[in-house]
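To start, the structure itself, in structure tokens.
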Amino acid sequence: MIQGVGVLGTGWLPQLPALTPHFTCLRFDNRGVGQSQPVGSPITIPQLVNDALALMDAQGWDSAHIIGHSMGGVIAQELALQARHRVRSLTLMCTVARGKDATSMTPFRFFTGIRTWVGTAPGRRKAFLQMVLPPHEVPADPAQRAALAEHLATWFGHDLANHPPNAIRQLNALAAHDTSPHLKKLAGIPTLVIAAELDQLAPAKFGRAIAQAIPGAQYVEIAGASHGAPMVRAGEVNVAVLDHLLRS
Numbered sequence: 001m002i003q004g005v006g007v008l009g010t011g012w013l014p015q016l017p018a019l020t021p022h023f024t025c026l027r028f029d030n031r032g033v034g035q036s037q038p039v040g041s042p043i044t045i046p047q048l049v050n051d052a053l054a055l056m057d058a059q060g061w062d063s064a065h066i067i068g069h070s071m072g073g074v075i076a077q078e079l080a081l082q083a084r085h086r087v088r089s090l091t092l093m094c095t096v097a098r099g100k101d102a103t104s105m106t107p108f109r110f111f112t113g114i115r116t117w118v119g120t121a122p123g124r125r126k127a128f129l130q131m132v133l134p135p136h137e138v139p140a141d142p143a144q145r146a147a148l149a150e151h152l153a154t155w156f157g158h159d160l161a162n163h164p165p166n167a168i169r170q171l172n173a174l175a176a177h178d179t180s181p182h183l184k185k186l187a188g189i190p191t192l193v194i195a196a197e198l199d200q201l202a203p204a205k206f207g208r209a210i211a212q213a214i215p216g217a218q219y220v221e222i223a224g225a226s227h228g229a230p231m232v233r234a235g236e237v238n239v240a241v242l243d244h245l246l247r248s
């Protein structure tokens with residue numbers, strides 16, 4: 001289970017109640033964040049793929065169902081391209097094939113993203129919520145908003161007012177990667193693509209494009225949801241994921 005930029009392995013906690021009765025789940029902190037070793041050089045997607053494969057080796061797993069969210073979805077795609085024999089199935093959530101589709105500046109990403117870095121701590125938390133949730137799920141009341149930010153922080157693995165130190169390195173790795181020319185090679189791997197209707201970080205059109213590019217892929221779109229759908233809409237996401245895994 002591979003997470004996105006700046007998110008720790010705790011980001012998968014909402015999936016565990018649905019999956020652990022059926023599967024052994026391995027979630028981890030990507031290189032440079034959380035309890036993983038700090039890095040002093042640029043991070044690349046191939047490095048992150050090798051990290052995931054090394055963790056599988058450490059568990060003695062020849063193969064596994066690979067699940068990725070956001071940047072983790074890009075890592076999952078590249079892992080399947082580089083080590084197809086180790087992939088039982090793919091689940092790609094709120095992600096893209098071409099990294100720049102998630103990192104290039106749109107007005108929303110620029111103005112909201114800037115506010116996650118500057119200003120008061122409550123203001124930065126509000127901007128972060130606006131990045132990952134649809135507008136109707138961001139409370140107008142400051143106290144309710146603070147409570148929600150505190151709750152989500154336990155899943156993201158950090159105070160939403162602060163970015164992990166290596167988040168920029170991970171963003172740069174994402175921006176530099178592109179699996180889109182190679183997705184048709186993933187034909188035959190059971191693949192589920194989940195997108196969120198209102199996602200402004202990995203818009204649903206890019207999820208649809210991935211599903212169309214991988215022969216036989218299944219596509220599910222969560223209505224009214226945004227980039228944080230696997231956390232805040234876990235019920236719907238988990239139904240789709242569990243059904244996919246049990247059939248694969």
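The numbering of the sequence shown is the numbering used here, which starts it at 1 and goes up by one. Every residue, glycine too, gets a C-beta built ideally from N, C-alpha and C. This structure is a prediction, so every number in the text was calculated from the model and none was measured.
Checking 8 Å against the spacing of the C-beta atoms, do T116 and M131 come in under that value? yes
Cβ pair A161, R125 closer than 8 Å: yes
Taking C-alpha atoms, which residue in I67, Q37 and Q3 lies nearest to T24? I67
Could you spell out the range, first to last residue, of the beta strand (DSSP E) harbouring V74? First-last for V74: M71 to Q82, but that is the alpha helix (DSSP H), not the beta strand (DSSP E).
Simplified DSSP assignment, three categories, for V138: coil
Taking the alpha carbon of G99 as the reference point, which residue from M71, G228, H85 and L81 has its own alpha carbon closest? M71
DSSP bridge partner residues for G4 (one or two, in chain order): DSSP lists no partner for G4.
Helix, strand or coil: how does DSSP classify S36 here? coil
Assuming H65 and Q3 are in contact, meaning their beta carbons sit under 8 Å apart, how far apart are those beta carbons, in whole angstroms? The Cβ separation is near 16 Å, so there is no contact.
What are the boundary residues of the alpha helix (DSSP H) that includes L245? A234 to R247
Assess contact between the segment 173–193 and the segment 208–224, defined as three or more Cβ pairs (one per stretch) separated by less than 8 Å. Is contact present? yes
How close, in whole Å, do the beta carbons of V7 and F108 come, if the pair is a contact with beta carbons under 8 Å? Not confirmed; about 20 Å, so no contact.
With distances taken Cα to Cα, identify the nearest neighbour of M93 among V39, Q15 and K185. Q15
Decide if T179 is buried, meaning its Cβ has at least 16 other Cβ atoms within 10 Å, or exposed. buried
For V33, I'd like the list of residues in its chain whose CB is within less than 7 Å of its CB, leaving aside the five on either flank, ordered along the chain. G6, L8, P164 and N166
Whether G228 touches L133 by CB criterion (8 Å): yes
Output yes or no for whether 8 Å exceeds the beta carbon distance between V87 and I45. no
Applying the criterion that 16 or more other CB atoms from any shown protein chain within 10 Å of the CB defines a buried residue, is A173 buried or exposed? buried
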